[in-house]
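Numbering (the working numbering), first residue to last: 11 to 286.
Following this line, the structure appears as structure tokens:
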């Protein structure tokens with residue numbers, strides 16, 4: 011299971027290509043490139059992020075949305091149920107950052123007029139006219155107007171992706187919340203004569219050796235904490251147990267190794283007794 015410290019890297023992996031597409035590159039040409047002041051009426055958009063038409067750009071963005079969802083589906087099983095809400099919050103935050111490539115008009119405007127006002131945020135766009143970077147305000151404003159359809163496509167695709175992740179978050183969190191509520195804690199707890207750190211290290215070895223195969227680590231640690239107590243602690247913390255599981259100290263592992271050697275001798279004698 012992935013820890014919270016690795017969430018930023020996982021989200022970079024999931025949204026990397028979509029985030030790259032939010033840094034927009036627009037190419038345009040004019041009928042007469044030798045003029046110092048290009049005429050607006052002669053301006054023609056040749057590519058947006060390498061796509062030469064709005065329909066190609068739509069297919070490109072749908073492809074990115076599908077790949078992003080596939081990356082997310084592959085990543086979610088790596089997240090512990092207890093950390094799922096944090097991960098999905100960070101994923102939705104990244105989606106909203108990506109959406110800043112668009113200047114979104116206010117909700118008070120009518121839907122049709124609002125759609126026409128969508129355009130790229132100037133800070134997110136690199137303008138090239140006749141193969142050279144363009145800085146003229148007249149050209150930039152004209153390019154923004156002429157690529158509003160592309161900006162609208164980008165917004166719709168990002169919005170649908172956000173809605174799907176929200177649905178995914180609702181389904182995932184509902185499952186993770188309902189399951190523990192329905193499950194009753196064991197009435198009887200078992201007393202440990204070893205430390206919690208020792209038990210956590212022993213359980214880690216069992217999992218690493220696939221004696222306990224592919225467990226949900228967070229759930230396993232929670233159940234172990236609910237099933238045992240010590241002379242010093244009547245109630246064990248699942249969080250502390252998880253820390254001992256993830257990071258057993260060398261001293262505890264040496265004690266575990268000593269105990270295993272005792273188990274070996276005990277088992278040999280046990281075999282002899284069973285053969286009598």
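Yeah, the Cβ is synthetic: ideal placement off N, Cα and C, and Gly gets one too.
Pick helix, strand or coil for residue i, following the three-state DSSP scheme.
i	result
residue 272	helix
residue 105	helix
residue 185	Here residue 185 scores only 42 on pLDDT, less than 50, and its place in the model should not be relied on; the value that follows carries that caveat. If DSSP states are grouped into helix, strand and coil, residue 185 belongs with the helices.
residue 262	helix
residue 112	strand
residue 282	helix
residue 277	helix
residue 267	helix
residue 190	The predicted position of residue 190 is uncertain, since its pLDDT is 43 and thus under 50; a value taken from the coordinates is nonetheless stated next. Reduced to three states, the DSSP call for residue 190 is helix.
Checking 8 Å against the spacing of the C-beta atoms, do residue i and residue j come in under that value?
i	j	result
residue 134	residue 32	yes
residue 38	residue 53	yes
residue 111	residue 164	yes
residue 175	residue 90	no
residue 35	residue 136	yes
residue 88	residue 113	no
residue 167	residue 71	yes
Measuring alpha carbon to alpha carbon, tell me which residue in the options is nearest residue i.
i	options	result
residue 12	92, 283, 271, 136	92
residue 138	65, 149, 130	149
residue 140	55, 281, 266	55
residue 259	66, 214, 220, 176	214
residue 95	129, 14, 79, 205	14
residue 178	113, 99, 18	99
residue 248	262, 232, 216, 261	232
residue 30	65, 18, 66, 74	74
residue 243	281, 202, 225	202
residue 18	229, 85, 68	85
residue 261	78, 229, 205, 76	205
residue 144	77, 229, 40, 80	40
residue 78	63, 108, 64, 278	108
Say whether chain B places a C-beta atom closer than 8 Å to the C-beta of residue i.
i	result
residue 28	Checking the listed chains, one finds no chain B in this structure; it contains a single protein chain.
Going along the chain, which unbroken runs of the beta strand (DSSP E) with 3 or more residues stay wholly within the stretch 132 to 177? 135 to 139
Quick check: the stretch 201 to 216 against the stretch 241 to 255, are at least 3 beta-carbon pairs closer than 8 Å? yes
Identify every run of the alpha helix (DSSP H) within the stretch 15 to 98, keeping only runs that are complete inside it and at least 4 residues long; order them along the chain. 17 to 31, 64 to 85
Counting only runs of 4+ residues fully inside the stretch 194 to 248, write out the alpha helix (DSSP H) ranges in chain order. 206 to 218, 227 to 237
Do the stretch 15 to 31 and the stretch 101 to 110 touch if we need at least three Cβ pairs shorter than 8 Å? yes
Stretch pair the stretch 156 to 171 + the stretch 53 to 64: three plus CB contacts closer than 8 Å: yes
Any 3 or more C-beta pairs closer than 8 Å across the stretch 167 to 181 and the stretch 143 to 155: no
The stretch 197 to 204 in contact with the stretch 233 to 241 per 3-pair CB rule at 8 Å: yes
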